[in-house]
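In our numbering, the protein residues as written are 8 to 513. Note that the Cβ used here is the ideal one computed from N, Cα and C, for glycine as well. Structure first, then comments.
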């Protein structure tokens, strides 16, 4: 990366000089805030104080003293073919604001710690096995890794196979700070020791793009005489029932004989997605199959009255393909795909991840986003699911210098939260994707309501919840009660295995 740094620094200096000239008068009289460096040894042992408050109340990060002597810092990184942004490293500035923010972040870390950040890309379906194979062979090939919560291998399998280091045992990671996602941390720290084997932060942008939401076609809604649902969201009244009213209104035959899919038909559907959209709707109710108590102990939560009521309601809403209210469609390289259907204005609404906005940049109609709906108005907040393949940050047990790793990752997480995430939300999403202020406000609600399905991530409830999801999606039959009765013992046994291991380690 260092080969293009001189050019990059010249560009940055020019930009900073222009900014200084334009802002100097406005900042006159303000006290300068000095950057502080904490004392620490060359092996990465940070000083006990890691942040200081400035006069403005903002946290100034305190970078520990660390000299890596030009060594590489290797991160195994999950990549996909589904249009997510997964880059961790750029060798030079590209002119794209997100690329350049990541390049600048890495350059800062490399200069401060005299280290070279290296990304080793690996496919989403093979990265977990790649990590497992290296660790089991005793190979210290990776200082850290991004692996999916659950793809071909659930993260829980890596825990029980003793592949992952307990991040709580790395004091250089300031896991209580805002640059580490606190909601996900709370859901993922298990056992009386609150062991944490993976974490969410913004070093990788993909987890933010994995947030689920509802896309709406504003032009179609206006033509149908429908109020845009933004006010419902803000008043806390965006619920399953209100969502279903829009599904009903959006279903239009437009002269066709039926709602059976035809690439060339004029039919318009109320809502389109696929089976993981159904899983996101379940999660939006606050139900996820597992609850974690204050002591960090999980328990199954799949046989409550509310869980069954949520599933019953979704079964009724989604079993409507003959009426055009819901179309499940996920054929690759085809017009019969939920993103293509919405982008071609053949659905009023679509359930998808934030990354789908990239597909609609050339869409003629105006689109917006709202969060996934609540179950009912008594629900106290919105819950935003993240897709099951969301990559999480881990450290392999073969790492021989976790202190160095902790210093580098914590600083990267801090700079990502400070300098990269705002670019993604304020520029990449808000200015380049979303087209009105209301949708930009909705984006903040989506971001603030991320909710993690720890049961699926660890693999405890994976088979059961997937079976429920598939039975509800597209009216394939509601057999939730029998599925729970049949599979909850297996889920409990899987949970017990994980917790026995975690508790044994203390």
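Buried or exposed by the 16-neighbour rule on C-beta atoms within 10 Å, applied to residue 158 = buried
Identify every residue that forms a DSSP beta bridge with residue 91.
-> Residue 91 is not bridged to any residue.
Can you tell which of 497, 412, 441 has the C-alpha that lies nearest to the C-alpha of residue 75?
-> 412
What whole-angstrom Cβ distance do residue 221 and residue 399 have, given they're in contact under 8 Å?
-> Their Cβ separation, rounded to whole angstroms, is 25 Å, which puts residue 221 and residue 399 out of contact at 8 Å.
Within 10 angstroms of its Cβ, does residue 476 collect 16 or more other Cβ (buried), or is it exposed?
-> buried
Cα-Cα separation between residue 89 and residue 379, rounded to whole angstroms = 21 Å
Give me the Cα-Cα distance between residue 235 and residue 393, rounded to the nearest whole angstrom.
-> 25 Å
With distances taken from CA atoms, which of 168, 190, 213, 179 is nearest residue 397?
-> 213
Would you identify the three-state DSSP class for residue 28, choosing helix, strand or coil?
-> With a pLDDT of only 32 at residue 28, under the threshold of 50, the placement of this residue in the model should not be trusted, and no figure is reported.
Using DSSP bridges, identify the partner residues of residue 221.
-> 358, 377
Which runs of the alpha helix (DSSP H) fall wholly inside the segment 427-499 and span at least 4 residues, in chain order?
-> 444-455, 461-464, 469-479
Expressed to the nearest angstrom, what Euclidean distance is found between the alpha-carbon atoms of residue 428 and residue 186?
-> 10 Å
For the alpha helix (DSSP H) containing residue 299, list its first residue and its last residue.
-> Where residue 299 is concerned, there is no enclosing alpha helix (DSSP H), although the beta strand (DSSP E) it sits in stretches over 296-299.
Delimiting residues of the alpha helix (DSSP H) encompassing residue 316 = 312-325
Please go through the same chain and pick out, in chain order, the residues whose beta-carbon is closer than 7 Å to the beta-carbon of residue 91, but skip the five residues on each side of it.
-> 213, 216, 362
Residue 46 classed as buried or exposed, judged by whether at least 16 other C-beta atoms fall within 10 angstroms | Here the model assigns residue 46 a pLDDT of 33, short of 50, so the residue's position is not dependable and the matter cannot be decided.
Have a look at 364, 351, 431, 453 and flag the residue whose alpha-carbon is nearest the alpha-carbon of residue 371.
-> 351
Determine the direct distance from the alpha carbon of residue 84 to that of residue 113, and round the result to whole angstroms.
-> 15 Å
Alpha-carbon spacing of residue 189 relative to residue 130, whole angstroms = 28 Å
Beta carbon of residue 441, beta carbon of residue 364: below 9 Å?
-> yes
When the Cα of residue 224 is compared with those of 301, 277, 486, 318, which residue comes out closest?
-> 277
Any idea which residues DSSP pairs residue 129 with across the strands?
-> 85
Note the first and the last residue of the continuous alpha helix (DSSP H) segment covering residue 284.
-> 282-291
Compute the Euclidean distance between the alpha carbons of residue 353 and residue 463, then round it to the nearest angstrom.
-> 32 Å
So residue 80 packs on residue 124, CB below 8 Å; how close in whole Å?
-> 5 Å
Using three-state DSSP, classify residue 124 as helix, strand or coil.
-> strand
Just list the alpha helix (DSSP H) runs in the segment 165-235, keeping only unbroken ones of 4 residues or longer that don't cross its boundaries, in chain order.
-> 189-195, 213-216, 225-230
Once you ignore the five residues that flank residue 417 on each side, which residues in its own chain have a CB closer than 7 Å to its CB?
-> 179, 180, 181
Determine the DSSP secondary structure at residue 507, reduced to helix, strand or coil.
-> helix
Terminal residues of the beta strand (DSSP E) in which residue 153 lies = 151-155
Which value, in whole angstroms, describes the spacing of the CA atoms of residue 246 and residue 383?
-> 5 Å
Among 200, 264, 191, which residue has its Cα nearest to the Cα of residue 175?
-> 200
Can you tell which of 281, 297, 319 has its C-alpha closest to the C-alpha of residue 360?
-> 281
So, helix, strand or coil for residue 146, using DSSP?
-> coil
Ends of the beta strand (DSSP E) at residue 101?
-> No beta strand (DSSP E) holds residue 101; DSSP gives it neither H nor E.
Report back the beta-carbon spacing between residue 426 and residue 111 to the nearest angstrom; my notes put them in contact at under 8 Å.
-> 7 Å
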